[in-house]
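Residue numbers (our numbering): 170 to 514.
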């Protein structure tokens with residue numbers, strides 16, 4: 170059954186702390202505003218519900234645009250009560266929202282238990298304390314561990330958002346963060362390459378030569394190296410790269426950084442090329458240069474585009490490297506995100 174999201178934006182109101190890289194107006198495409206009235210939000214929910222068949226979809230109401238639990242408690246409760254009424258009346262899956270790790274406290278968790286929360290996403294960004302400090306996050310990695318423990322103790326699903334290429338970041342720090350995130354056993358993750366957005370401290374630092382963003386090539390290669398960690402741990406990556414919107418696409422919004430609308434496809438394609446090379450090298454390592462002429466690559470059908478790469482470039486590179494012919498076999502029994510190489514007799 171397909172999942173649908175009713176998106177309600179609360180426009181950065183719950184996050185008075187400005188991180189070095191953040192411009193929520195540009196990221197979400199929603200302007201800062203006064204607190205939206207319940208009448209306005211109710212209309213928003215009704216309009217979105219009218220486009221969804223709740224009998225054929227798992228439907229969640231999601232609060233986006235800021236740190237939800239940083240909102241004034243009275244306003245949080247109004248929002249949750251309204252959403253709860255729709256969850257109950259329409260048999261929806263539940264309510265989800267994102268927040269900062271340091272905005273998850275025992276008191277907050279206690280009152281959240283009264284509501285049908287389906288998932289809480291934590292904006293972790295990094296588990297390297299130096300990176301957190303340089304990025305002006307205003308919290309430490311310990312806040313993350315404490316928040317994760319509190320959320321897991323409630324039984325709520327846990328999502329974790331991480332970023333790559335932050336100030337002070339390196340391939341090793343990103344790898345360390347990924348490995349530590351996996352030990353937290355989230356139900357899903359999102360990975361965002363850092364972009365230099367107008368109106369941020371990062372933009373000022375970039376112009377002053379104090380910050381250098383990762384290139385597109387660095388981003389593709391480095392994130393491709395951490396994908397298998399999540400795949401092997403069976404942790405879904407539900408987003409890779411910022412959601413495109415009109416504000417993000419305006420000239421002058423993105424000053425620098427690895428922005429590509431198809432960044433996920435590029436990263437996944439690089440991941441599969443690395444997989445092909447690794448399997449091929451292992452297959453031929455003891456053959457003194459002898460190449461096999463006929464191979465089959467077994468994949469899940471949903472992975473075909475990424476395995477092949479743009480204009481079939483991955484298959485072309487593979488056949489040239491190993492002087493062989495290759496056929497693609499699509500098999501629904503093949504696990505997603507993994508490939509099998511078979512020698513044809």
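Every residue, glycine too, gets a C-beta built ideally from N, C-alpha and C.
Residue i: first and last residue of the uninterrupted beta strand (DSSP E) it sits in
i           : result
residue 511 : 509-512
residue 359 : 357-362
residue 326 : 326-333
residue 409 : 406-409
residue 423 : 423-425
Contacts around residue i, its chain only, beta-carbon distance under 8 Å, and the 5 residues preceding and following it disregarded
i           : result
residue 471 : 505
residue 264 : 229, 230, 231, 232, 249, 252, 253, 256, 284, 285, 286 and 287
residue 172 : 226, 227, 228, 229 and 262
Which residues DSSP lists as bridging residue i, in chain order
i           : result
residue 343 : Beta-bridge pairing links residue 343 to no other residue.
residue 297 : In the DSSP output, where bridge partners are listed per residue, residue 297 has none listed.
residue 465 : 496 and 511
residue 229 : 174 and 263
residue 129 : For residue 129 there is no data in the structure shown, the boundaries of the chain being 170 and 514.
residue 291 : 268 and 329
residue 365 : 425
CB-CB length for residue i against residue j, believed under 8 Å
i           : j           : result
residue 440 : residue 396 : 5 Å
residue 192 : residue 388 : So it is not a contact: roughly 19 Å between Cβ atoms.
residue 425 : residue 305 : Not a contact, Cβ separation roughly 18 Å.
residue 353 : residue 423 : Rounded, the Cβ-Cβ distance is 31 Å, inconsistent with contact.
residue 320 : residue 289 : 5 Å
residue 218 : residue 279 : In fact, because the Cβ distance is near 30 Å, the residues do not count as touching under 8 Å.
residue 448 : residue 393 : About 15 Å separates the two Cβ atoms, so there is no contact after all.
residue 362 : residue 333 : 5 Å
residue 432 : residue 398 : Between residue 398 and residue 432 the Cβ distance is about 19 Å, and since that is not below 8 Å, they are no contact.
residue 454 : residue 493 : At roughly 15 Å, the Cβ-Cβ gap does not stay under 8 Å, so residue 454 and residue 493 are not in contact.
Residue i - containing alpha helix (DSSP H), residue span
i           : result
residue 319 : 310-323
residue 208 : 207-218
residue 476 : 473-477
residue 375 : 370-376
residue 389 : 385-401
residue 158 : A question about residue 158 goes unanswered here, because the residues of the chain that appear run from 170 up to 514.
residue 276 : 275-281
Close-in-space but distant-in-sequence residues of the same chain around residue i (CB under 7 Å, 5 per side omitted)
i           : result
residue 452 : 510
residue 503 : 467, 468, 469 and 509
residue 213 : 177
Close-in-space but distant-in-sequence residues of the same chain around residue i (CB under 6 Å, 5 per side omitted)
i           : result
residue 428 : 364
residue 196 : With a pLDDT of 48 at residue 196, under the threshold of 50, the modelled position of this residue cannot be trusted, and the question is left open.
residue 169 : In the structure as shown, the chain starts at 170 and stops at 514, and residue 169 therefore has no counterpart that could be examined.
residue 340 : 391
residue 338 : 300
At least three beta-carbon pairs within less than 8 Å, the stretch 312-330 to the stretch 222-238: no
Cβ contact check for the stretch 342-359 and the stretch 397-409: 3 or more pairs under 8 Å: Three or more Cβ pairs drawn from the stretch 342-359 and the stretch 397-409 lie within less than 8 Å of each other, which places the two stretches in contact.
Three or more C-beta pairs below 8 Å linking the stretch 338-349 and the stretch 290-298: yes
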